[in-house]
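Working notes for the structure below.
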Amino acid sequence: MRFIFLSIFFVLIGSQAYAIEPEAPDQLIDRADAVTINIQENLSAKFRSEPADHKKDHGALVSFYTDRSFKPLWVTEDGLTDKALAIISGIADADEFGLDSKDYDLPDPQGSKSYDGYPAMWLANTELKLSYAFLAYARHARGGRIDPSKLSRYIDQNPPLLDPLVLIEAIEKTATPKSYLAELHPKHPQFVRLKKALADERMKSGETKPIVRIPAGPNLRKGMTHTQIALVRERLGVPVPPESGDTFDVTPEFFDDMLSEAVIGFQKKSGLRGDGIIGRATRGAMNKRPRNRIKTIIANMERWRWMPEYLGKRFVHVNIPEFRFRVMEGEKLIHTERVVVGKITNQTPMFSDEMETVVFNPSWYPPVSIIRNEILPGARKNPGFIDRHRFVVTNARGRPVNPDSIDWYEAQAGKIFFRQPPGPGNVLGVVKFLFPNKHQVYMHDTPSKSLFVKRVRAYSHGCIRVRDPRRFAELILSYDKGWSRKRIDRIISSGGNQPVKLTKKLPVHVTYFTAVVDKDGQVSFYNDVYGHDGRVTAALAGKPVAPDPRPVVTVAKPRDFERRRRPFGNDFFNRVFQF
69 MRFIFLSIFF VLIGSQAYAI EPEAPDQLID RADAVTINIQ ENLSAKFRSE PADHKKDHGA
129 LVSFYTDRSF KPLWVTEDGL TDKALAIISG IADADEFGLD SKDYDLPDPQ GSKSYDGYPA
189 MWLANTELKL SYAFLAYARH ARGGRIDPSK LSRYIDQNPP LLDPLVLIEA IEKTATPKSY
249 LAELHPKHPQ FVRLKKALAD ERMKSGETKP IVRIPAGPNL RKGMTHTQIA LVRERLGVPV
309 PPESGDTFDV TPEFFDDMLS EAVIGFQKKS GLRGDGIIGR ATRGAMNKRP RNRIKTIIAN
369 MERWRWMPEY LGKRFVHVNI PEFRFRVMEG EKLIHTERVV VGKITNQTPM FSDEMETVVF
429 NPSWYPPVSI IRNEILPGAR KNPGFIDRHR FVVTNARGRP VNPDSIDWYE AQAGKIFFRQ
489 PPGPGNVLGV VKFLFPNKHQ VYMHDTPSKS LFVKRVRAYS HGCIRVRDPR RFAELILSYD
549 KGWSRKRIDR IISSGGNQPV KLTKKLPVHV TYFTAVVDKD GQVSFYNDVY GHDGRVTAAL
609 AGKPVAPDPR PVVTVAKPRD FERRRRPFGN DFFNRVFQF
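In structure tokens:
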């Protein structure tokens, strides 16, 4: 029926049987009908020229307006409706939510009214312009302005976009359109707090007083006297203590206890170690301009739009720039701990999945990339490398192979494999936590505990190392199965490999937030360790995005020892390893 209606209409238009403006002397239709005809004609014209990424919006509008016989939603013969004015006002406030109001082609509320009213063509164009602007705003509000998959191969997040037809039908029915727009944005408490922080930072950036900058200089600490300490006082708003009869006079250049506490608080808020020492990193944080902080907050608001709407009743939240994970129950913090994440060349990706299994005393099966770049070069350099790391060598069928029978200079990753059994030195430690994903990333223990004291903890090949994995396992299994810490310790002490399947899958969200706001509204900024902030900011500004750093490939050259003779012929070697 819809097709027949459209076909008849286009035949009539093609024959120019009717005038479409009521001003015509031989007026056959009124202005309302002319608007309807123009809406239908405009939708037909746009069908041929609409950009690919907007075709869903266009298809939704064709369906929506066809069902209502192309009658307008936003305009009447008298101009824009109250609902239209409310939508225009709401979209104009997009900047408050970390969007850009300039991205939306909004109609002029004053329009092009003449002495005898608004032209039908203008009313029809305004109608569709506002519908497209609304759908674009709704898409950005819910799922972000940029496709995260185009920024980095390490970003694997699927923004929760809504069906545009559902959106336009919903806005038609609502009596509070501006509130409806606000409801489209993420409801996560962090997003709401970032919105408030954005307003605060914009207010600061509008102040005429420039930020006090701390120049390069020596490390400053409590008890010292230095001219720069007066600048630090001014930067942090710490006054000189009043004179006291039983102590010497404190000058602005003296680093006293009050200033030390303020510096420590600033460092913690900036994602730095709270040691009270003003060094290079602390100076850099103090000199960060409000405009840069605004960009950081907006980039983080964009990332929250990529997150699932519902994180889970109880969930694990790993924040890469913070080098920390949390076990959360709603907004309640159950546990938090330090982690080690991937190196810049082997980044931990951003994604969400569900933990299914906890494995005690795990074996480690190195991926092909580690075999190629580390294990084979190590074996070529040092004949004792394989034994020292307790590797069991296998062929493609999983059958053990004597390492002494292998010519390591001819061995190829993908045709030879390794397994490191449970025990001392196992790189996964005593427990690993599996949430199956295409990145082969999981959380696990580690024998390299010394890395957890470092401020920047980006050292792994992409997996997430946990400082206190026994406590983590206890939290998971006591909640899932009622297990005690003693039971967990007994299993680990047995030394035997034991996987434990969870009854209730536990959501895990591996994220990248460089701005985190506490309940008191204090913003902590963390280093953009992987450069994702820069990519998001560039993409939002329509600029080219820097490529990901490529993994470093290590190629070992023969040295220090002779190539071993193969004790077996080539045929046997090829048969075993399937070369």
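The numbering used here numbers the first residue of the sequence shown as 69 and each following residue consecutively.
The beta carbon of each residue, even a glycine, is placed where N, CA and C say it ideally should be.
I'd like the span of the alpha helix (DSSP H) that includes Pro-232, first residue to last. In the sequence shown, counting from the first residue as 1, residue 232 sits at position 164. Segment 232-241, the alpha helix (DSSP H) holding Pro-232.
Asp-224: which of Asp-536, Ala-583, His-507, Pro-617 sits nearest, CA to CA? For the purposes of this step, residue 224 is identified with residue 156 of the sequence shown, where counting begins at 1. Comparing Cα-Cα distances from Asp-224 to each of Asp-536, Ala-583, His-507, Pro-617, the minimum goes to His-507.
Along the chain, where does the beta strand (DSSP E) that runs through Pro-567 open and close? Locating residue 567 in the sequence shown gives position 499, where the first residue counts as 1. Run containing Pro-567: 566-579, per the beta strand (DSSP E) assignment.
Might you give, ordered along the chain, the residues of its own chain that have their beta carbon closer than 7 Å to the beta carbon of Lys-573, omitting 5 neighbours on each side? One-based indexing of the sequence shown puts residue 573 at position 505. Excluding residues within five positions, the ones whose Cβ falls inside 7 Å are Glu-422, Met-423, Glu-424.
Inter-residue CB distance, Ala-192 and Val-103 (contact presumed, cutoff 8 Å): Residue mapping note: residue 192 aligns to position 124 of the sequence shown, counting from 1. Residue mapping note: residue 103 aligns to position 35 of the sequence shown, counting from 1. 5 Å between Cβ atoms; contact.
Along the chain, where does the alpha helix (DSSP H) containing Asn-193 start, and where does it finish? Here residue 193 corresponds to residue number 125 of the sequence shown, with the count starting at 1. Here the alpha helix (DSSP H) through Asn-193 covers 188-211.
Rounding to the nearest angstrom, what Cα-Cα distance links Lys-246 and Val-427 in this structure? Counted from its first residue, the sequence shown places residue 246 at position 178. Counted from its first residue, the sequence shown places residue 427 at position 359. Spanning the two alpha carbons is a distance of roughly 50 Å.
Proximity to Leu-233 [Cα-Cα], best of Ala-128, Asn-505, Thr-149: Within the sequence shown, numbered from 1, the residue matching residue 233 stands at position 165. Closest by alpha carbon: Ala-128.
Have a look at Leu-249, Leu-148, Glu-240, Lys-139 and flag the residue whose alpha-carbon is nearest the alpha-carbon of Ile-159. What you label residue 159 is simply residue 91 of the sequence shown in a count that begins at 1. Closest option to Ile-159, Cα to Cα, is Leu-249.
DSSP-derived helix/strand/coil call for Gln-335: Working through the sequence shown from its first residue, we reach residue 335 at position 267. DSSP places Gln-335 in helix when its eight states are reduced to three.
Tell me the DSSP bridge mates of Asn-387? Sequence index remark: in the sequence shown, residue 387 carries index 319 (1-based). DSSP output for Asn-387 lists Arg-392, Thr-579 as bridge partner(s).
Helix, strand or coil for Leu-174 per DSSP? Position 106 of the sequence shown, counting from 1, holds the residue named residue 174. Of the three classes helix, strand and coil, the one that applies to Leu-174 here is coil, per DSSP.
Supposed contact pair Pro-489 and Ser-431 - C-beta distance, whole angstroms, cut 8 Å: Start at 1 with the first residue of the sequence shown, and residue 431 comes out as number 363. Start at 1 with the first residue of the sequence shown, and residue 489 comes out as number 421. Right, the Cβ-Cβ distance comes to about 5 Å (below 8 Å), so this counts as a contact.
So, are the CB atoms of Ala-154 and Val-143 less than 8 Å apart? The residue given as residue 154 occupies position 86 in the sequence shown. The residue given as residue 143 occupies position 75 in the sequence shown. No, they are not a contact pair.
Note down, in chain order, each residue of its chain lying with its Cβ closer than 6 Å to the Cβ of Met-189, except the 5 sequence neighbours on either side. As a first step, residue 189 must be located in the sequence shown, where it is residue number 121. Once the five neighbours on either side are set aside, the close Cβ partners of Met-189 are Asn-106.
So Tyr-222 and Pro-376 are supposed to be a Cβ contact under 8 Å. How far apart are they, rounded? Within the sequence shown, residue 222 is the residue found at index 154, counting from 1. Within the sequence shown, residue 376 is the residue found at index 308, counting from 1. Actually they do not touch by this definition, with Cβ atoms about 18 Å apart.
Can you tell which of Leu-141, Glu-145, Asp-125 has the C-alpha that lies nearest to the C-alpha of Asp-98? As a working note, residue 98 is residue 30 in the sequence shown. Nearest of Leu-141, Glu-145, Asp-125 to Asp-98, Cα basis: Glu-145.
Quick check: what's the CA-CA separation for His-512 versus Lys-522? Mapped onto the sequence shown, residue 512 falls at position 444. Mapped onto the sequence shown, residue 522 falls at position 454. Taking the straight line from one Cα to the other gives about 18 Å.
Return the CA-CA distance between Thr-242 and Thr-149, expressed in angstroms with no decimal places. Taking the sequence shown and counting its residues from 1, one reaches residue 242 at position 174. Taking the sequence shown and counting its residues from 1, one reaches residue 149 at position 81. Using only the alpha carbons, I get a separation of about 14 Å.
So, at 6 Å on beta carbons, what are the nonlocal neighbours of Gly-410 in its own chain, with the 5 sequence-adjacent residues on each side left out? Working through the sequence shown from its first residue, we reach residue 410 at position 342. Only Thr-416, Ser-528, Gly-530 meet the Cβ criterion.
Rounded to the nearest angstrom, what separates Asp-324 and Val-591 at their Cα positions? On the sequence shown, residue 324 is found 256 positions in, with the first residue counted as 1. On the sequence shown, residue 591 is found 523 positions in, with the first residue counted as 1. Rounded to whole angstroms, Asp-324 to Val-591 spans 25 Å at the Cα level.
From Ile-402 to Arg-394, what distance separates their C-alpha atoms? Residue numbering aside, residue 402 sits at position 334 when the sequence shown is read from its first letter. Residue numbering aside, residue 394 sits at position 326 when the sequence shown is read from its first letter. Roughly 7 Å separates the two Cα atoms.
With three or more C-beta pairs closer than 8 Å as the rule, is the segment 289-307 touching the segment 324-335? yes
From Leu-203, Ser-220, Leu-219, residue whose alpha carbon lies closest to that of Leu-229: The sequence position of residue 229 within the sequence shown is 161, counting from 1. Nearest option by C-alpha distance: Leu-203.
So the candidates are Glu-164, Asn-470, Arg-487, Ser-273; which of them puts its Cα closest to the Cα of Arg-261? Translated into positions along the sequence shown, residue 261 becomes position 193. Nearest option by C-alpha distance: Glu-164.
Would DSSP call Arg-533 helix, strand or coil? For the purposes of this step, residue 533 is identified with residue 465 of the sequence shown, where counting begins at 1. DSSP places Arg-533 in strand when its eight states are reduced to three.
If you drop the 5 nearest sequence neighbours on each side, which residues of the same chain put their C-beta closer than 8 Å to that of Met-69? Position 1 of the sequence shown, counting from 1, holds the residue named residue 69. Annotation note: pLDDT 47 at Met-69 (below 50); position unreliable, coordinate value reported separately. So the list is empty, once near-sequence residues are dropped.
Backbone secondary structure at Trp-432 - three-state DSSP: Locating residue 432 in the sequence shown gives position 364, counting from the first residue. In the structure shown, Trp-432 sits in a strand (DSSP, three-state: E or B).
Let me know if Thr-364 comes out buried or exposed under the rule of 16 or more other beta-carbons within 10 Å of its beta-carbon. Locating residue 364 in the sequence shown gives position 296, where the first residue counts as 1. With 16 or more Cβ atoms within 10 Å of its Cβ, Thr-364 is classed as buried.
Near Asn-617, which residues of its chain fall below 6 Å by C-beta distance, leaving aside the five closest residues on each side in sequence? What you label residue 617 is simply residue 549 of the sequence shown in a count that begins at 1. Inspection of the sequence shows that residue 617 is occupied by Pro rather than by Asn. Only Ile-412, Thr-413 meet the Cβ criterion.
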